[in-house]
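Visitor:
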Amino acid sequence: MLDLQSNNIGNTGSQYISHLLENNKTLECLSLACNVIGDNGAALIAAALDANKTLTTLDLQQNQIAEQGGKILLNTLKTNQTLIKFNLIGNPCSQANILDEITLIKNDKMVTSIKLESRRIEEKGAQYIAEALINNERITSVNLDRNKIKDQGLKCLMNVLKIDKKILILSLDDNGIIDEGAEYIADMLKSNNVTILYSISQIFS
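Mapping the sequence shown onto the working numbering, position 58 (from 1) lands on 70, and the numbers just tick up by one.
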C-alpha cells in the first residue's frame, strides 16, 4: 500500500506517478486522494494503467478530474483486468459516482450483486452500466433505485437484458420511467424472465 493523499501532486506530479505505475511490478494499492489532479493527470495515470498488471486498488477521490478525464479513465477500465476498487467520488466528472461499481462488474469475480441506489447516475450513467454488463457472467442482482435514468437510460439496460439471462432481479424504483419506458420493459420481457422492481405509479406521474 502506498498512501500519497494530500500531497498537492497535481498534473505535473502525475507524470511521476505514471512512471511508477508503468515500472512497478508489486504495488497493489495506491491512494492519490486530495491531490489537485485534473484531466491531464488522469490521462497520464490512465495510460500507465494500460501497462500495469498488479494494481488492484486506486483511490482518486476528491481531485479535479472533469468530464474529459473521466471518459479517459472509463475507457481504460474497459480493458483493465486487475483493478477491483476504483474511487473517483468527489470529482466533477459524471463518471465519479459509478466507476467503482463498473470496476466491480468487470473484474471482481466474487461480486454477484450491484447496489447503485441514489447515485445520481442519470441517463448517461445507465448507459455506462449497461455497457459494463454486456459480457456479464456472474451479476444476478442490480439495484438502480432513485437515479433518474428515465426512459433513455432504461432503454440501454433493456437492450442488454434481451441477451443477458443471468440477471434475475433489476430494481428501478423512482427513476422517472413513464409510458415509453414501460414499453421497453414489456418488449424485453418477451425474451427474458428477469424480475423488474419499480413502482407502477411512476408511469402515471
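Glycine included, every Cβ here is placed at the ideal spot set by N, Cα and C.
1) Mind reading off the beta-carbon distance from L180 to M200? Whole number of angstroms is fine, and I expect it under 8 Å.
2) Which value, in whole angstroms, describes the spacing of the CA atoms of L145 and N205?
3) Short of 8 Å in beta carbon distance, which residues of its chain neighbour V123, apart from the five on each side in sequence? Order them along the chain.
4) Which residues share a DSSP beta bridge with N155?
5) Suppose you measure from the CA of Q74 to the CA of L67; what does that come to, to the nearest Å?
6) Rounded to whole angstroms, what's the CA-CA distance from A54 to A63? Just pull it up for me.
7) From what residue to what residue does the alpha helix (DSSP H) around I114 run?
8) If we call anything under 8 Å between Cβ atoms a contact, is I190 one with D163?
9) Quick one: Cα of L33 to Cα of G50, how far?
10) Name the two residues that bound the continuous beta strand (DSSP E) containing T38.
11) Considering only C-alpha positions, which residue in the set G137, Y196, A142 and Q93 is nearest to I110?
12) On the DSSP bridge assignment, give the partners of T91 in chain order.
13) For G102, which of A60, A58 and V48 has the nearest alpha-carbon?
Guide: Looking at the atomic coordinates:
1) As a position in the sequence shown, residue 180 is number 168, starting the count at 1. As a position in the sequence shown, residue 200 is number 188, starting the count at 1. Not confirmed; about 14 Å, so no contact.
2) Within the sequence shown, residue 145 is the residue found at index 133, counting from 1. Within the sequence shown, residue 205 is the residue found at index 193, counting from 1. Straight-line Cα distance between these residues: approximately 17 Å.
3) For the purposes of this step, residue 123 is taken as the residue at position 111 of the sequence shown. If we look at V123 and ignore the five residues flanking it on each side, its Cβ neighbours are L116, I117, R150 and I151.
4) As a working note, residue 155 is residue 143 in the sequence shown. K127 and S183.
5) Here the question's residue 74 lines up with position 62 in the sequence shown. Here the question's residue 67 lines up with position 55 in the sequence shown. The alpha-carbon atoms of Q74 and L67 are separated by roughly 20 Å.
6) Residue mapping note: residue 54 aligns to position 42 of the sequence shown, counting from 1. Residue mapping note: residue 63 aligns to position 51 of the sequence shown, counting from 1. The alpha-carbon of A54 is positioned some 15 Å away from that of A63.
7) Mapped onto the sequence shown, residue 114 falls at position 102. L111 to N119 is the span of the alpha helix (DSSP H), which, as asked, contains I114.
8) As a working note, residue 190 is residue 178 in the sequence shown. As a working note, residue 163 is residue 151 in the sequence shown. In this structure, I190 sits near D163, with a CB-CB distance shorter than 8 Å.
9) One-based indexing of the sequence shown puts residue 33 at position 21. One-based indexing of the sequence shown puts residue 50 at position 38. If you take the alpha carbons of L33 and G50, they lie about 18 Å apart.
10) Counted from its first residue, the sequence shown places residue 38 at position 26. Per DSSP, T38 lies in no beta strand (DSSP E) and is assigned neither H nor E.
11) Numbered from its first residue, the sequence shown carries residue 110 at position 98. Ranking G137, Y196, A142 and Q93 by Cα distance to I110 puts G137 first.
12) Locating residue 91 in the sequence shown gives position 79, counting from the first residue. None; T91 has no bridge partner.
13) Taking the sequence shown and counting its residues from 1, one reaches residue 102 at position 90. Taking only the C-alpha atoms, the option nearest G102 is V48.
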